[in-house]
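S.K.: Submitted below is the structure of interest, expressed as structure tokens.
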Amino acid sequence: MKHIQTVNQPTLQLTRNSGGCGECQASCQSACKTSCTVGNQVCESKK
Amino acid sequence: MKVEMKQKIHKFIQNGMYILLDINSGAVHVVDKMIFDIMDYFDGENDGEVLAELAGKYAEADLQEALEELHYLMKIQQLYAPDLDVPPTFKQKGLVKSLCLMIAQDCNLRCKYCFGDGGSYGQERAIMSPETGRKAVDFLIEASGPRKHCEMDFFGGEPLMNMKTVKAVTEYVRQREKETGKKFKLTLTTNGILLNDENIKWLNDNEFSLVLSLDGRKEVHDAMRPCVGGQGSYDKAVANFHKCLDSRKGGDYDYRGVYTYLRGTYTKNNMDFTKDVLSMNDEGFDILSMEPVVLKDSPLGFTDEDLPRISEEYDKLVEAYLERWRKGKGFFFFHFNMDLSNGPCVAKRLSGCGAGHEYFAVAENGDLYPCHQFVGREKYRLGSLDEGVTDQHWPQYFRESHVLNKEKCRDCWARFFCSGGCHANADLFHGDIRQPYETGCEIQKKRLECAIAVQAIMKLEKNK
Chain G
-1 MKHIQTVNQP TLQLTRNSGG CGECQASCQS ACKTSCTVGN QVCESKK
Chain R
400 MKVEMKQKIH KFIQNGMYIL LDINSGAVHV VDKMIFDIMD YFDGENDGEV LAELAGKYAE
460 ADLQEALEEL HYLMKIQQLY APDLDVPPTF KQKGLVKSLC LMIAQDCNLR CKYCFGDGGS
520 YGQERAIMSP ETGRKAVDFL IEASGPRKHC EMDFFGGEPL MNMKTVKAVT EYVRQREKET
580 GKKFKLTLTT NGILLNDENI KWLNDNEFSL VLSLDGRKEV HDAMRPCVGG QGSYDKAVAN
640 FHKCLDSRKG GDYDYRGVYT YLRGTYTKNN MDFTKDVLSM NDEGFDILSM EPVVLKDSPL
700 GFTDEDLPRI SEEYDKLVEA YLERWRKGKG FFFFHFNMDL SNGPCVAKRL SGCGAGHEYF
760 AVAENGDLYP CHQFVGREKY RLGSLDEGVT DQHWPQYFRE SHVLNKEKCR DCWARFFCSG
820 GCHANADLFH GDIRQPYETG CEIQKKRLEC AIAVQAIMKL EKNK
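Top line first, the protein sequences correspond to chains G and R.
Heads up, the first sequence is in the working numbering, so the first residue is -1 and it goes up one at a time.
Heads up, the second sequence is in the working numbering, so the first residue is 400 and it goes up one at a time.
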């Protein structure tokens, strides 16, 4: 495409029915700890 | 443009780059100025209106070409992707998989911004007994049901002030792992003062991930993180962190498995926090995190008036981060890290931090709370290790307090990245975990825009 560069291969829609295994790390967002938002995480099963 | 379509996208300019995010697919598009302008009007089925609105600004042939590209994105569900509802994979009840142990509700520092009142959490200074710690292990094994991976975070106060319990709990964890087939990930957060050779060796041998607290420049750190007697703690902490990190070189330590990283807090006194991040990197540390302080009615805390300055500083940090990366001297900054293609599933994005339904804190006396920040907020006491979870209301309320159930989150573009923010902060500012702390939201959104831009820039430059 000439006007648009897509920088990722998004998978969010695909995970509506396939995710939820719950094996991923907890993602506390408080400043005093791991300060991790879910946006900063990778799916455990795709590592 | 229809409002409901506007709520499906977010467009912004970062580092001179025009970025279009499709919220429900997570697709990130770097676009030209014409597409950026078109997206003020385009709702997927109003090409005529777009052409009329922008006729004076762009040639019709160019606009037609751009519209074709946008229709193609829609076809492959990377623009205006369908709204995400609560999926069947998001179980009605949470499964507790992670515990934070308040190993020592006492501390050898008196940090000016401490939410835990110098480690005591507004209660008597006390340490957790080995017996209570072992009960917590049994509680987690039972509560986590079929889940294989469990997490235990040794927290305080300063957990190294109570190594007796840290060691006893760890020994018991290893025993119970063998008996149950569970696998525990252990993390310890420390200010570093007691991180001596003996403790470092023991933590390495027992495969602990470590979160090390440092606020950046020596003068900033010493002003905020004094010892009980008032003297600065920087020199001691940094010397010990060097020893610790040197001892971990060449091992199996990375940030996803057994990790070691430095984290800092910035306050109103150092809104030039880029200097603090770079100071840590210059000191030789390269896995870093730096967070805004959260304080209410404090001269160190932030208000909306500080947002333009903070936003400007994140722009600076992006520049500095990329500059070092381009020179082959990059560092890992936790908040710019984002895997745009392999992020968590929808269920995880709704679960958020898990506080109160997947994650509990255990106070030194064995009482259970939704997370470490709620310790001492009696309204939220969930039960105890001896009684189990006696409160029937809060775990379910926390479970259901996800972004699709919170009025201010439902339409926010960042909802699937931040997952609704920190419940404890919401409670602190509004007395209600469903009303997010707005100043924190604005900072989070700016940081996410920076993270998305950083990932996009790095990807495009690598492709060149």
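No residue lacks a Cβ here, since even glycine has one placed at the ideal position from N, Cα and C.
The model shown is predicted, which means the values in this text are computed figures rather than measured ones.
1. Give the C-beta separation of Tyr660/R and Met689/R to the nearest angstrom, bearing in mind that I take them to be a contact with Cβ-Cβ under 8 Å.
2. Under the DSSP definition of a beta bridge, which residues are partnered with Ser548/R?
3. So what does DSSP say about Ile437/R, is it helix, strand or coil?
4. Output the boundary residues of the beta strand (DSSP E) element that contains Pro691/R.
5. Taking Val676/R as the query, report the chain G residues whose CB atoms sit under 7 Å from its CB, ordered along the chain.
6. Taking its Cβ as the centre, do 16 or more other Cβ atoms sit within 10 Å of Leu520/R, making it buried, or is it exposed?
7. Nearest-angstrom Cα distance between Cys626/R and Gln504/R?
8. Just verifying my parser: in three-state terms, what is the DSSP assignment at Arg833/R?
9. Nearest CA to the CA of Glu763/R: which residue from Gln574/R, Glu523/R, Phe701/R?
10. Nearest to Gly425/R by CA position, among Lys0/G, Val40/G, Thr9/G, is which residue?
11. If you run the structure through DSSP and keep just helix, strand and coil, what is Val774/R?
12. Contact defined as beta carbons within less than 8 Å: I believe Tyr512/R pairs with Leu699/R. What is the distance between those atoms, to the nearest angstrom?
13. Express the C-alpha separation of Gln791/R and Ala760/R in angstroms, rounding to a whole number.
14. Tell me whether the stretch 465 to 478 of chain R and the stretch 735 to 750 of chain R touch, counting them as touching only if at least three CB pairs, one residue from each stretch, are closer than 8 Å.
15. Excluding the five sequence neighbours on either side, which residues of its own chain have a C-beta within less than 8 Å of the C-beta of Lys865/R, listed in chain order?
16. Note the first and the last residue of the continuous alpha helix (DSSP H) segment covering Ala460/R.
17. Does Lys410/R come out as helix, strand or coil in the three-state DSSP assignment?
18. How would you label Gln413/R, buried or exposed, when you count the other beta carbons within 10 angstroms and need 16 or more for buried?
19. If we count Cβ pairs, one from each stretch, closer than 8 Å, do we get three or more for the stretch 716 to 724 of chain R versus the stretch 791 to 807 of chain R?
20. For a quick check, are the C-beta atoms of Gly765/R and Leu749/R less than 8 Å apart?
21. Are the beta-carbon atoms of Asn741/R and Cys41/G separated by less than 8 Å?
M.R.: Put simply:
1. Position 261 of the second sequence, counted from the start, is the residue given in the question as residue 660/R. Position 290 of the second sequence, counted from the start, is the residue given in the question as residue 689/R. Rounded, the Cβ-Cβ distance is 11 Å, inconsistent with contact.
2. For this step, residue 548/R is matched to residue 149 along the second sequence. Note on identity: in this sequence residue 548/R is His, with Ser being the wrong assignment. Answer is Lys582/R.
3. Against the second sequence, residue 437/R aligns to sequence position 38. Looking at Ile437/R - three-state DSSP - the assignment turns out to be helix.
4. As a position in the second sequence, residue 691/R is number 292, starting the count at 1. Taken as a continuous stretch (DSSP letters only), the beta strand (DSSP E) holding Pro691/R covers 686 to 691.
5. Numbered from 1 along the second sequence, position 277 holds the residue referred to as residue 676/R. Going along chain G, no residue has its Cβ under 7 Å from Val676/R, so there is no contact; the nearest lies around 13 Å.
6. On the second sequence, position 121 is the one that residue 520/R refers to. A quick correction: the sequence has Tyr, not Leu, at residue 520/R. Tyr520/R comes out buried.
7. Along the second sequence, one-based indexing puts residue 626/R at 227. Along the second sequence, one-based indexing puts residue 504/R at 105. Approximately 16 Å between the Cα atoms of the pair.
8. In the second sequence, residue 833/R corresponds to position 434, counting from 1. Arg833/R: coil per DSSP, three-state reduction.
9. Reading the second sequence from its first residue, position 364 is the one you call residue 763/R. Scanning Gln574/R, Glu523/R, Phe701/R for the CA closest to the CA of Glu763/R turns up Glu523/R.
10. What you label residue 425/R is simply residue 26 of the second sequence in a count that begins at 1. Ranked by Cα distance from Gly425/R, the options Lys0/G, Val40/G, Thr9/G are led by Thr9/G.
11. Here residue 774/R refers to the residue found at position 375 when the second sequence is read from its first residue. In this structure, Val774/R counts as coil in the three-state DSSP scheme.
12. As a first step, residue 512/R is located in the second sequence; it is residue number 113 there, counting from the start. As a first step, residue 699/R is located in the second sequence; it is residue number 300 there, counting from the start. Indeed, because the Cβ distance is near 5 Å, the residues count as touching under 8 Å.
13. Taking the first residue of the second sequence as position 1, residue 760/R is located at position 361. Taking the first residue of the second sequence as position 1, residue 791/R is located at position 392. In this structure, the straight-line span from the alpha carbon of Ala760/R to that of Gln791/R is close to 17 Å.
14. By the Cβ criterion, the stretch 465 to 478 of chain R is not in contact with the stretch 735 to 750 of chain R, since fewer than three pairs of Cβ atoms, one from each stretch, lie closer than 8 Å.
15. What the structure shows of chain R is the stretch from 400 to 863, and residue 865/R is not part of that stretch, so it cannot be assessed.
16. On the second sequence, residue 460/R is found 61 positions in, with the first residue counted as 1. Here the alpha helix (DSSP H) through Ala460/R covers 459 to 474.
17. Position 11 of the second sequence holds residue 410/R. In the structure shown, the three-state DSSP call for Lys410/R is strand.
18. Sequence index remark: in the second sequence, residue 413/R carries index 14 (1-based). The residue is buried, with at least 16 neighbouring Cβ atoms inside 10 Å.
19. As far as the Cβ criterion goes, the stretch 716 to 724 of chain R does not touch the stretch 791 to 807 of chain R, which means the pair count is below three.
20. Against the second sequence, residue 765/R aligns to sequence position 366. Against the second sequence, residue 749/R aligns to sequence position 350. Judged by beta-carbon spacing, Leu749/R lies beyond the 8 Å limit of Gly765/R, meaning their Cβ atoms are not closer than that value.
21. By one-based count along the second sequence, residue 741/R stands at place 342. By one-based count along the first sequence, residue 41/G stands at place 43. In terms of Cβ geometry, Asn741/R and Cys41/G form a close pair [threshold 8 Å].
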